[in-house]
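In what follows, a structure is listed as structure tokens, so that the remarks can point back to it.
Residue numbers (the working numbering): 6 to 182.
This is the structure in structure tokens:
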């Protein structure tokens with residue numbers, strides 16, 4: 006039992022280490038993309054929002070968080086930032102056209118809602134058969150799928166609501182040039 010606990014602790018530590026390295030990598034790539042130090046943080050806000058969905062998904066489905074759940078949650082971090090990157094990119098384009106931060110954020114949500122909804126719904130529909138599978142073989146992967154599906158659902162809703170509001174609020178507290 007002691008060896009198994011040590012092995013589990015080592016695996017969790019490895020997943021967390023890889024997750025942190027991934028977060029640093031995401032931040033670096035986004036800082037080059039947006040040429041800003043703040044906007045990558047706005048995009049990365051979506052990751053904790055997705056983890057809310059992971060927790061609630063496990064509660065709703067009656068599963069405990071396990072190693073596959075953690076792997077799914079770590080994978081989810083890379084998936085959810087894609088929609089946020091698109092949204093912040095459109096907000097920046099609208100800002101370059103002269104719109105205020107609040108108007109640009111609203112316009113970006115209206116213009117990107119359909120593409121975000123379609124990409125998320127196709128991902129979820131592709132994973133739905135595994136989520137609904139009852140076979141013994143699928144039970145090991147089901148926590149991973151629960152993490153991805155419910156995390157993606159929560160992150161999408163919150164990306165469309167929280168991210169534009171956060172962007173506009175941050176613009177209000179930025180020092181004027």
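Beta carbons are placed, not taken as given, at the ideal position from N, Cα and C, and that holds for glycine.
Selected residue, minimal CA-CA separation from residue i, among the options
i: residue 76; options: 22, 99, 49 and 54; result: 22
i: residue 134; options: 150, 48 and 141; result: 150
i: residue 160; options: 145, 113, 16 and 83; result: 83
i: residue 148; options: 136, 86 and 57; result: 136
i: residue 33; options: 48, 139 and 56; result: 48
i: residue 175; options: 106, 61 and 69; result: 106
i: residue 144; options: 38, 117, 131 and 68; result: 68
i: residue 89; options: 71, 120 and 61; result: 120
Rounded separation between residue i and residue j - CA only
i: residue 104; j: residue 152; result: 37 Å
i: residue 97; j: residue 109; result: 8 Å
i: residue 63; j: residue 180; result: 42 Å
i: residue 31; j: residue 24; result: 10 Å
i: residue 26; j: residue 114; result: 30 Å
i: residue 177; j: residue 158; result: 29 Å
DSSP state of residue i mapped onto helix, strand, coil
i: residue 180; result: coil
i: residue 102; result: coil
i: residue 145; result: helix
i: residue 68; result: coil
i: residue 42; result: coil
i: residue 152; result: helix
i: residue 31; result: helix
i: residue 126; result: helix
i: residue 140; result: coil
beta-carbon residue i near the ligand MG non-hydrogen atom, thresh 7 Å
i: residue 179; result: The ligand MG is absent from the structure shown, which contains no ligands of any kind.
8 Å Cβ cutoff, residue i in contact with chain B
i: residue 83; result: No chain B is present in this structure, which holds just one protein chain.
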